[in-house]
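Working notes for the structure below.
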Amino acid sequence: MDLIKDWFYSGLEWFTEPSVSISVTDVLEIIILAFLVYNVLLWIKTTRAWTLLKGIMILLVCVMIVYVLRMDTLIFIVNRGIDILVTSTIVIFQPELRKALEQLGEKQIVSSLIPIDTGKNVTERFSDRTVNEIVKACVEMGKVKTGALIVMEQNVRLDEYERTGIVLDSVVSSQLLINIFEHNTPLHDGAIIVRGNRITSATCYLPLSDNMLLSKELGTRHRAGVGISEVTDSLTVIVSEETGAISVAYKGELKRNVTPEVLREQLVILQNKSTETKKFRLWKGWNKDEA
56 MDLIKDWFYS GLEWFTEPSV SISVTDVLEI IILAFLVYNV LLWIKTTRAW TLLKGIMILL
116 VCVMIVYVLR MDTLIFIVNR GIDILVTSTI VIFQPELRKA LEQLGEKQIV SSLIPIDTGK
176 NVTERFSDRT VNEIVKACVE MGKVKTGALI VMEQNVRLDE YERTGIVLDS VVSSQLLINI
236 FEHNTPLHDG AIIVRGNRIT SATCYLPLSD NMLLSKELGT RHRAGVGISE VTDSLTVIVS
296 EETGAISVAY KGELKRNVTP EVLREQLVIL QNKSTETKKF RLWKGWNKDE A
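If you want my numbering, it's the 1-based position in the sequence shown plus 55.
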């Protein structure tokens with residue numbers, strides 16, 4: 056408590072000091088700190104960290120009560136357990152911390168501050184024909200309730216997941232996709248991975264998401280689709296075997312019951328066909344509450 060009082064009075068003296076001058080560096084430092092605090096709070100609110108943080112806050116309140124009432128035995132235990140608590144917190148928040156660092160690495164900070172025309176270097180990930188074939192196959196499989204799991208690779212290579220399946224290296228076509236996921240066929244179980252205009256591998260095993268916010272009615276196929284989107288920048292198309300509905304997973308978020316038009320729109324954005332598509336983001340205009 057004495058330390059808090061010292062901080063309060065020192066801050067009060069700093070504000071009342073007539074000779075205090077604020078430099079450009081001070082303003083820049085305040086802006087950076089505000090940006091960091093805002094993003095940390097936003098990250099906490101949009102992940103499981105918010106629930107865990109509430110538990111930690113309750114624990115801190117209990118610790119404050121222990122210090123105020125001078126409970127010597129509990130104070131001794133708290134002092135010895137601080138290091139363990141810090142280590143445990145890092146372990147508990149490991150998935151969220153990893154995801155936050157990945158998102159930070161994906162941000163193009165330099166290009167956003169210094170606009171550079173990169174339109175000449177844009178490379179198309181896959182053709183319009185591939186988009187049409189995937190949409191057509193998903194619609195046809197949805198009509199007959201054939202389950203499907205299609206992973207569209209972006210910048211992060213999916214080699215480790217390809218090795219869990221059977222190598223195909225085939226051109227994407229609606230007929231091939233339907234045949235792969237047809238019931239009682241050797242390749243129908245698991246996911247296929249699409250790189251460019253080719254199906255590289257089938258019957259691939261994907262990591263399952265442990266997101267507690269996902270609906271309990273979702274099965275392994277949907278959790279695998281969300282799981283791969285949490286650890287990579289891929290987009291996953293899922294066709295439900297129970298309802299025939301089409302879902303799309305991207306960056307750990309799942310949009311269910313999408314129409315063929317919405318599916319095509321998201322694939323076109325992922326296609327990276329031109330600089331014009333960069334003006335739009337995946338999930339633009341989507342209401343997460345509908346998922």
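Glycine is no exception: its CB is placed at the ideal position from the N, C-alpha and C atoms. Predicted model only: the values in this text are computed from it and were never measured.
Item, Value
"Extent of the continuous beta strand (DSSP E) run through Y216", "Y216 -> not in any beta strand (DSSP E); alpha helix (DSSP H) instead, spanning D214 to E217."
"Cβ-Cβ distance between V206 and T128 below 7 Å", "no"
"Length of the line joining the Cα atoms of K264 and S284", "The displayed chain sequence assigns Ser, not Lys, to residue 264. Roughly 9 Å separates the two Cα atoms."
"Outcome for Y216 when other beta-carbon atoms lying within 10 angstroms are tallied against a minimum of 16", "buried"
"Other residues of its chain near K306: CB distance less than 7 Å, five sequence neighbours each side excluded", "S284"
"T142 classed as buried or exposed, judged by whether at least 16 other C-beta atoms fall within 10 angstroms", "exposed"
"Residue range of the unbroken beta strand (DSSP E) whose run includes R253", "R253 to C259"
"Buried versus exposed call for T298 [16 or more other C-beta atoms within 10 Å across all chains shown]", "exposed"
"Inter-residue Cα distance where the pair is L168 and E320", "Low local confidence applies: a pLDDT of 45 at L168 is under 50, so the model's placement there is unreliable, with the coordinate-based value given in what follows. Approximately 28 Å, taken between the alpha carbons."
"Any 3 or more C-beta pairs closer than 8 Å across the segment 266–277 and the segment 217–229", "no"
"Nearest to A304 (by Cα), restricted to the options E316, I324 and G282", "G282"
"Cα-Cα separation, I86 to N94", "12 Å"
"Beta carbon of E195 nearer than 7 Å to that of R250", "no"
"DSSP-derived helix/strand/coil call for S167", "Note that S167 has pLDDT 45, beneath the 50 cutoff, so the model's placement of it is unreliable and the number below is only indicative. In this structure, S167 counts as helix in the three-state DSSP scheme."
"Simplified DSSP state of T144, which is helix, strand or coil", "helix"
"Status (buried if at least 16 other CB within 10 Å, exposed otherwise) for L325", "buried"
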